[in-house]
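Have a look at the structure below, then the notes.
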Amino acid sequence: MDKSKQNYYLYLLLIIVFTVLTVGTGLYMIELYSSGELMNMIITIPLLILFAYLLHASNQKAKEWYPWKKTGK
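Right, dumping it as structure tokens:
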């Protein structure tokens, strides 16, 4: 397997991991909000932002390493 496909699949794996973390953190925040623990919910907001940013960055890098992309014209 060449380097571009290997990097692409690595970033796909990261996208899956960060998607699970982002959705899990969001669901945990909903649970904290419904139980009235607002101070703990405020602490999880930076985590949600961090995971969403890492998901976005992984998506951008995966687009760069897409192995079947035609290079040049």
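Residue numbers (the numbering used here): 4 to 76.
Here a beta-carbon is modelled for each residue, glycine too, at the ideal position from N, C-alpha and C.
Just how far apart, CA to CA, sit T47 and M32? For T47 and M32, the distance between alpha carbons rounds to 7 Å.
Residue closest to A65, alpha-carbon to alpha-carbon, out of P49, Y14, Y56, S7: Nearest C-alpha to A65: Y14.
Specify the secondary structure class of E67 as computed by DSSP and reduced to three states. In the three-state reduction of the DSSP assignment, E67 falls in the helix class.
Ordered along the chain, which non-local residues of its own chain (more than five positions away) have a Cβ less than 8 Å from that of T25? The beta carbon of T25 sits closer than 8 Å to the beta carbons of L51, F54, A55, L58 from its chain, once the five residues preceding and following it are set aside; these are given in chain order.
Would you mind sorting Y11 into buried or exposed? The rule is 16 or more other CB atoms within 10 Å of its CB. The residue in question, Y11, is buried, as its Cβ has 16 or more Cβ neighbours within 10 Å.
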